[in-house]
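>
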Amino acid sequence: MTKPGRRCRLLQGTWEITPFTPLAALDLSLGTCIQVVWLSRSAVERPSRSRAFVAVKANGSVVTWGKADSSGNFSALAPLLNEGVVQVCGSSSAFAAVKANGSVVTWGVTLGVRSLGGNSSAVAPLLAEGVVQVCGNDRSFAAIKANGSVVTWGDAGYGGTSSAVFPLLTEGVFQVY
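In short: position in the sequence shown from 1, add 529, done, that's my numbering.
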């Protein structure tokens, strides 16, 4: 099955299969499932409104430039973004990077106690593995995990908390917009 102009991610369990994954690392036994997760156009093409840019290189490393106080400086996190990045999503003041191992690294602006998505420490254990896609809006992010659950963080007024619908987001989700 193809979807012209769309990107997808291939998963075997919670591990993403990338162009750099050696075939020997895959379980190719009979009955093994490989899941295809189609990325929405919004996740693939939605431009960040930040005053900074992020480039993901073919080797999975990240380069940022632009206004340093608007997510353009990730020097404190550089060791985490030297390899393995497969997707980056931006908000107005933050970025979230999904790594091939399913973990998420976030950086960007926080305003006092209000996070604009750059600080994901409140949900860090939930973002340590199994994430297959991240989508952002102006001040928040939502991550879909391989098990079909959703994790949200950022400004509560912009969807950064999903507690009101949490029971509906624990399984079966394959796309967020």
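Yeah, the Cβ is synthetic: ideal placement off N, Cα and C, and Gly gets one too.
Would you report the Cα separation of residue 700 and residue 680, rounded to the nearest angstrom?
C-alpha separation (whole angstroms): 11 Å.
> Determine the contact status of residue 632 and residue 660, defining contact as a CB-CB distance below 8 Å.
Yes, the Cβ-Cβ distance between residue 632 and residue 660 is below 8 Å.
> Return helix, strand or coil for residue 623, following the three-state DSSP convention.
It is a strand residue.
> Hey, how far is the Cα of residue 580 from the Cα of residue 623?
Those two C-alpha atoms are separated by around 10 Å.
> Expressed to the nearest angstrom, what Euclidean distance is found between the alpha-carbon atoms of residue 663 and residue 634?
Between residue 663 and residue 634, the C-alpha separation is close to 11 Å.
> Given a threshold of 16 other Cβ atoms within 10 Å of its Cβ, counted over all protein chains shown, does residue 666 qualify as buried or as exposed?
Buried.
> So for residue 581, helix, strand or coil by DSSP?
Residue 581: strand per DSSP, three-state reduction.
> Our contact map puts residue 703 next to residue 683 with C-beta atoms below 8 Å; I'd like the distance itself, whole angstroms only.
Actually they do not touch by this definition, with Cβ atoms about 22 Å apart.
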